[in-house]
Each structure stands twice: as C-alpha cells, then as structure tokens.
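Heads up: the structure comes next, in structure tokens.
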Amino acid sequence: MMIALLLLPLAGGLVSGVVPWRRGIGWLGTAIASGVLVTGVVLAVDIVHGKPMSALGGVLRADALSAFMVIVIGVIATLSTWQGVRYLGAEIAAGRCTRRHAALYSVLVQAFVATMLLAVLAANLGVLWVAIEATTVVTTFLVGHRRTRSSLEASWKYIVICSVGIAIAFLGTVLVYLASLHVGHGPHPLDWTSLVAQSHQLNPGVMRLAFALIVIGYGTKVGLVPMHSWLPDAHSQAPAPVSALMSGVLLTVAFYAIMRFKVIADGALGPTFPRTLLVIVGLLSLLVAASLLLTQRDYKRMLAYHSVEHMGLIALGAAAGSPLAIAAVLLHILGHGLAKGVLFLASGEILLTEGTSEIERVPALLSRRPVLGGIFGFGLFALLGFPPFSLFVSELNMLRAEFQVGLGWAAAVSLVCMAVIFAAVMTHGRHLLLGPRGTDAPTMTPALVAVPLIGGLVGCVFIGVSAWPLESLLHAAARIVAP
Amino acid sequence: MSVSTYTSVLGLAAAAVLLCAVVTLWRRSLAAIVRTLAVQGAALACVAMVIGLHEHNDGLIVVGLLVLGAKAVVVPLLIGRVVHRDPNSRETDPLVNVPASLVAAGALTFLAFAATRSVTSLVPTTAGRLIPFGLAAMLVGFFALVTRRKAVSQIVGILLVDNGVALVAFLATAGVPLLVELGASLDVLLVVIVLRVLAIQMRSHLGSFDLDQLTELHD
Numbered sequence: 001m002m003i004a005l006l007l008l009p010l011a012g013g014l015v016s017g018v019v020p021w022r023r024g025i026g027w028l029g030t031a032i033a034s035g036v037l038v039t040g041v042v043l044a045v046d047i048v049h050g051k052p053m054s055a056l057g058g059v060l061r062a063d064a065l066s067a068f069m070v071i072v073i074g075v076i077a078t079l080s081t082w083q084g085v086r087y088l089g090a091e092i093a094a095g096r097c098t099r100r101h102a103a104l105y106s107v108l109v110q111a112f113v114a115t116m117l118l119a120v121l122a123a124n125l126g127v128l129w130v131a132i133e134a135t136t137v138v139t140t141f142l143v144g145h146r147r148t149r150s151s152l153e154a155s156w157k158y159i160v161i162c163s164v165g166i167a168i169a170f171l172g173t174v175l176v177y178l179a180s181l182h183v184g185h186g187p188h189p190l191d192w193t194s195l196v197a198q199s200h201q202l203n204p205g206v207m208r209l210a211f212a213l214i215v216i217g218y219g220t221k222v223g224l225v226p227m228h229s230w231l232p233d234a235h236s237q238a239p240a241p242v243s244a245l246m247s248g249v250l251l252t253v254a255f256y257a258i259m260r261f262k263v264i265a266d267g268a269l270g271p272t273f274p275r276t277l278l279v280i281v282g283l284l285s286l287l288v289a290a291s292l293l294l295t296q297r298d299y300k301r302m303l304a305y306h307s308v309e310h311m312g313l314i315a316l317g318a319a320a321g322s323p324l325a326i327a328a329v330l331l332h333i334l335g336h337g338l339a340k341g342v343l344f345l346a347s348g349e350i351l352l353t354e355g356t357s358e359i360e361r362v363p364a365l366l367s368r369r370p371v372l373g374g375i376f377g378f379g380l381f382a383l384l385g386f387p388p389f390s391l392f393v394s395e396l397n398m399l400r401a402e403f404q405v406g407l408g409w410a411a412a413v414s415l416v417c418m419a420v421i422f423a424a425v426m427t428h429g430r431h432l433l434l435g436p437r438g439t440d441a442p443t444m445t446p447a448l449v450a451v452p453l454i455g456g457l458v459g460c461v462f463i464g465v466s467a468w469p470l471e472s473l474l475h476a477a478a479r480i481v482a483p
Numbered sequence: 001m002s003v004s005t006y007t008s009v010l011g012l013a014a015a016a017v018l019l020c021a022v023v024t025l026w027r028r029s030l031a032a033i034v035r036t037l038a039v040q041g042a043a044l045a046c047v048a049m050v051i052g053l054h055e056h057n058d059g060l061i062v063v064g065l066l067v068l069g070a071k072a073v074v075v076p077l078l079i080g081r082v083v084h085r086d087p088n089s090r091e092t093d094p095l096v097n098v099p100a101s102l103v104a105a106g107a108l109t110f111l112a113f114a115a116t117r118s119v120t121s122l123v124p125t126t127a128g129r130l131i132p133f134g135l136a137a138m139l140v141g142f143f144a145l146v147t148r149r150k151a152v153s154q155i156v157g158i159l160l161v162d163n164g165v166a167l168v169a170f171l172a173t174a175g176v177p178l179l180v181e182l183g184a185s186l187d188v189l190l191v192v193i194v195l196r197v198l199a200i201q202m203r204s205h206l207g208s209f210d211l212d213q214l215t216e217l218h219d
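As given, the protein sequences belong to chains A and B, one line each in that order.
Under my numbering, think of the first position of the first sequence as 1, with each following residue one higher.
Under my numbering, think of the first position of the second sequence as 1, with each following residue one higher.
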C-alpha cells in the first residue's frame, strides 16, 4: 500500500509531463491527490487496528505518525491541486505562461507531493534526509514559476538558505550514525526503530551536538528562527497553490523530522536538553513573528509570518512533550494546514481579481466580493484560534500541557506574543475586509473556487468540534513521540 | 599501505580540503575559485579512497570514485560554464575584505577544533583526529556564503559547506550507508543544476550575477 502511495503521484507526474497541458490534466492532479488522501485514511485505519507496516525491504515504514502525516499531505494537496487548475488557466489566458510551462508546473507539483510522502514514510533517517532535500529541489522552480524579478530573488534565497540548513541537518544525521556505530552494528544502520531501541546507550556528548544541529538544520525548512528569513519571500512570491502546499504541509513535514529525532534524543539525553532547545527556537520564532507582523503591508507576507508564529507554537508544544501536548501538536498541524491552505488559496484568488497583494490597495473586500471576503475573514478567525475552529482546541491543549510540565512561563510569553499578533492581524484584516462599498455591485466568486475553500474551513471546524474520526489515530501517533 | 603512509596521505588530503576552502576566500577571479573547488573535490575523493583502501572497504572506494566524478569534474564544469559566459567576472567587493576573511578563517578553524571535542574523543583513530578539518571547511563555506556577493561565489559557498560535511562523514563513520550516499549525491547535483539555471535566468533579467541587485524583497 505504501508503494502504491508513492507511485500515485509519480504516475501523475509522468502523465502530466507527457500529455500536453489541458484542464483535464489539472483535474487528474486533483484526483491523484484525493487518491493519496483516501489511501492515507485506509493506511491509518489499518495501522490503528493493527501494527506498523513496512515495505520495500524495510526502506519504507508506516506507523500512526506517518499515516497521520500522509492524511495531512493528502488533504492540503487536494485543495491545492484543485485551485492549481484555475491558477494555470488564468496564467495561460493572460499569456504569462505557455502550455509547456504549465506542464512543468504539474510535474513538479506531483513530484513535490511524492517527495513529501517519501519523507514521512522513510524508515531510515538518511532516506528521510534525502527526501526533505529533494523537496527543496522540486519546489525552487515552483517558487519562481511566475518568472518575475522578485520571484527569482525569492527562489534564489530559498534554495541557498535551505541547502545550507539541510547540510547542517546532514551533519546532525552523520553524528547520530556515529553514535549508533559506537554502540554496535545494528542490522540496519540509521534505521529509526533500532535507533530508538538503543537510544539510552548513545553517547550523550555526541547526541547533544547532533540534536542541536538537527533542530537548526531541519528548523530551517520549518521556518524557525534564526533560519527563517527565506520563508516570507518564498511563500509570498510562489503561486498561491504552491504557497498553500509549502506553508500548509512542507513546514510541518520538516517538523515531523525533528519529532523523529526528538524521540532518540529524549532517550539518550533525558527530556531537559531537547526541551530547552525547542523552547528557545519556539519563543524566538514567536517574538520575531509578532514584531514583524505589526508592520506588514502585503497580505501574502502577513500569512507567511503567521506561519512562523504557528511553527513556534508547535515547537513549544513539542517541547512540553507529554502525550497530551503531542496530540495537540498533531491536531494543530492539520488545523493550521487547512486554515493556512485555505487562506493562501483565497489570497491567490484576491491577487487574481484585484491584481495587487498590498493590503492598502484592497479595501472593503467583504462588500465587494462577499463570498471571497467571507472565506478570507473566517480563515483569519480560524488561524487566530477562535472557536469552533480546531486551532482553538489544539492551542488550548498545548498551553495546558506546557503548564503541566512546568513550562508555564514559556506559555505566558507565548500568550503575550499571540495577543500582539491577534491585534496586528485584526487591524490588517479589518482594513482588507471592511470599509464602505463603492458604487459597483458585489461580484460573486465562481462556485468551483469557493467550494473547496469552504470545504476546508468546514473541515477545520469539524475536527475541532468532533473527536470522532481522528481521536484514536492522534492518540496512537502521540504515544510514538511521547511513550 | 603501511600505517605511516596512510596517516600522512590521509592527513594531507584532509588538510587540502580545508586549504582549498581558505583559498576560495583569498582568490578574486571566479574562474580560479571554481578551479579551487575542483581541487577540493579531488582531495575529498582521495580521503574516501584512502580510507577505503586502508579498511578494505570496497564500497567506500566506489563512493570515492563517484565523488571524484561528481565533485571534481561534473559540478565544476557545470559552474564553470556559467563563469565562462562572463570571463572577467571577479568577486570585486566582498562584504569583508580578503585579509580580514583570512583571519576569520583562522578563527573558525579554532572554533571547529573546540566544538568537535566530544566527537573526536569517541573516534580515537587517525581519521577521527582529522574531523575538525571537515567542520572548519564547512564553517569557512558559511563565511563565504554570507560575505560574498556574486551568484557563483554563493554556489561555491554551498558546495564548500557540503564538502565539509562529507569530509566529516568519511572521517567519522567511513561514509553513510550507500543508499543514503547515492541519494545525497544526486540531491547535491540537482541543487547545483537548479542554482545554475537560476543564475542564468538572473543574468538575463539583471545583466549580471551581482546579488546586490536583488533588493526587491524586504520588510
């Protein structure tokens, strides 16, 4: 089943590379993404009722945590590829993009999904590294897809900073390998399960250095301070469907890697050192996001900095590390993916119809485009953690868990940052959405655009209100990170 | 190979990797910088093959040949093609001047020795004692990356970081498992190709490789 999961997007990529681009190829991409989602759900059901599976001679392995991430990837990819059809159609109609260029886009998006799936299904930490590095390679051209001067600048910054970050993560991986060789040859070097089994024997000095390198290295791809500076540029310059995928899932796939290493580091070093490190990067990310959100003039950059904030919150939650905290972190990963995905897709639609991404020049959206404005407004509410959206539940539980393990001071600092961000985003959002209506009659947004976005928001409410479909999966996954 | 030859050849090759990194800070001509990178790739391949011969590890010798092909030939050729379109391109105005850069490289080498103490104590072999050279090469690469302003010098900076990490991997663990090594090499090759395409696009947009002209995105 795992091999099928990887073959799906690869086959999709192949077809979109061979057949000249037309709308049908775009919809094929959506079908494949929803196929990934369905397969992910089946995989999750199997694993929750059984035990972890492995395939391809032990190279691939899926436990509850992997299955959960597959579902997150499937959900956001479905939303993103759906909107991708409209993006490419509009670009071709405007003459900014040739059919060949559109085909390249479709191939790269499918390859992007495939590399993320490989990352979460890898049994071996080296393969995990290769997959995450590959996501950088395939997304660089997607960031620069509009071929403007600023998107070129963004993609250059993106690949340079992320390649360096990922090289640091490789050094961390090599050090973990060194520590495990010192304990004795396991049957599979760098295999996550055997590393966890022998984690208490690993040399603490080496593991301390290794985990610090891992947090900085993979933290670059997560968008954690101090290596976050590529994120606002790349996420604001990329086409909206790509921003949705990058912000909604790619960041958290990189965080998934940190969580895998955290289990090993916890075993080797005890909880204090990993916790301290994650609290530091988490709080720094929150502080930077709060101070820079205040002055944003561009709504896509605003959303990008909001991702830095949420990654900081997730790092703090993971620092707390109790089963409650990890379950909340995972719920937050899905909720943030949905809300941020919807918002980036809506921002792409705003950019398409209004022609600018400056907040100042898009006033009174709610009265001029009620559906689109409504989606954007509710999306912001979701992201700011209003009930009944799931981010309210996950943020509340992360804070609760932080107080329980004695990180109350960090939780308090994060609350202050969240209050500042709340005020900043509300101010920007009010300017964007409210205001007097001009003389024109309100414009309706096409149903084909609105349906997936509203669906995403409804999904975000649903997982916030009802524990039913995810509860057992979340608990099983949380027990993997916090045994 | 006798133990003393092994020790001296390995030491020379590892030191050459670091020396090449420092030389890239010193040279201003981009063509010369790319040539230095090729020499560094060859030295890195030499490290892998010498360890492979010494430990009778055939896999590592194959990896060494692979590194020789990729990092001493293919990658420098790929970058060299970009430079040749503009033969007079020089790193004219780095953020930190050359003498200060060399002093910084010295300081970074000290830092590398201090930071790897816990690691070298775990690997009490000839190779293990040389690990700081790899970390130092990596740090020098970082320094090149943040202070040099030409697209080509930044590509070289990334590769210096990468070669430094690879040197640590060869010295500390005799390389990573083959599957990972292959994947990692392929990724690096792809990164270089992507960077090259971007550099060429940048030239056609801006008329030069100067990254100082990229100033549209800021807060």
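Note that beta-carbon positions come from the ideal geometry of N, C-alpha and C, so glycine has one too.
Between residue 3(A) and residue 56(A), the gap from beta carbon to beta carbon is short of 8 Å.
The DSSP assignment places 53-55 and 60-62 as complete runs of the beta strand (DSSP E) inside the stretch 26-113 of chain A, in order along the chain (cut-off: 3 residues). Nearest neighbour of residue 229(A) by Cα position, chosen from 201(A), 274(A), 153(A) and 343(A), turns out to be 153(A). Secondary structure of residue 29(B) (DSSP, three-state): strand. Counted as a single uninterrupted DSSP element, the stretch harbouring residue 212(B) is not any alpha helix (DSSP H), since DSSP gives it neither H nor E. What residue 216(B) touches in chain A, judged by beta-carbon distance under 8 Å, is 149, 150 and 153, going in chain order.
When C-beta distances to chain B are compared with 7 Å, every residue of the stretch 243-275 of chain A stays at or above that value. Look at the stretch 115-128 of chain B: the residues with a C-beta under 9 Å from a C-beta of chain A are 115, 116, 117, 118, 119, 121, 122 and 123. When CB distances to chain B are screened at a threshold of 7 Å, the residues of the stretch 170-202 of chain A falling below it are 170, 171, 174, 175, 177, 178, 181, 182, 189 and 190, in chain order. In this structure the stretch 135-147 of chain B does not lie against the stretch 140-152 of chain A, because fewer than three pairs of beta carbons, one per stretch, are closer than 8 Å.
Looking from the CA of residue 155(A), the closest CA among 217(B), 111(B) and 144(B) belongs to 217(B). Nearest to residue 84(A) by C-alpha distance, out of 46(A), 215(A) and 240(A), is 240(A). The beta carbon of residue 171(A) lies closer than 6 Å to those of 213 in the same chain, with the five residues before and after it left out. Short of 6 Å from the beta carbon of residue 354(A), and not among the five residues preceding or following it, lie these beta carbons of its own chain, in chain order: 362. With respect to the 8 Å criterion, residue 160(B) and residue 21(B) are classified as neighbours on the basis of their beta carbons.
Of the candidates 19(A), 71(A), 387(A) and 35(A), the residue whose Cα lies closest to the Cα of residue 44(A) is 71(A).
Around the beta carbon of residue 82(A), 16 or more other beta carbons sit within 10 angstroms, so the residue counts as buried. Around the Cβ of residue 428(A), a 10 Å sphere holds 16 or more other Cβ atoms; the residue is buried. Of all residues in the stretch 365-376 of chain A, none has a C-beta nearer than 7 Å to a C-beta of chain B. Between residue 136(A) and residue 166(A), the beta carbon gap of about 6 Å places them in contact (Cβ cut-off 8 Å).
Taking the beta carbon of residue 179(B) as reference, the chain A residues within 9 Å of it are 59, 124, 126, 127 and 130, listed in sequence order. Chain-order list of chain A residues neighbouring residue 158(B): 160, 163 and 164, by C-beta distance under 7 Å. In this structure the stretch 245-254 of chain A does not lie against the stretch 175-184 of chain A, because fewer than three pairs of beta carbons, one per stretch, are closer than 8 Å. At the C-beta level, residue 167(B) and residue 142(B) stay beyond 8 Å of one another. Annotation: Cβ neighbours of residue 165(B) in chain A (cutoff 9 Å, chain order): 167, 168, 170, 171 and 174.
DSSP, read as helix, strand or coil, puts residue 368(A) in helix. Inside the stretch 164-206 of chain A, DSSP marks whole alpha helix (DSSP H) runs of 4 or more residues at positions 192-197, from first to last along the chain. Residue 11(A) and residue 59(A) have their C-alpha atoms roughly 20 Å apart.
At a beta-carbon threshold of 7 Å, the residues of chain B lying near residue 205(A) are 118, ordered along the chain.
The three-state secondary structure of residue 85(B), taken from DSSP, is coil. In terms of beta-carbon proximity, residue 183(B) lines the interface with chain A, with at least one pair separated by less than 8 Å. In terms of beta-carbon proximity, residue 201(B) lines the interface with chain A, with at least one pair separated by less than 8 Å. Neighbours of residue 134(A) across chain B, judged by C-beta separation under 9 Å: 183, 186, 187 and 190. Taking every protein chain shown into account, the CB of residue 468(A) has fewer than 16 other CB atoms within 10 angstroms, so this residue is exposed. Close partners of residue 231(A) in chain B (Cβ separation under 8 Å) are lacking, with about 11 Å as the shortest Cβ gap. The continuous alpha helix (DSSP H) containing residue 163(B) extends over residues 151-173.
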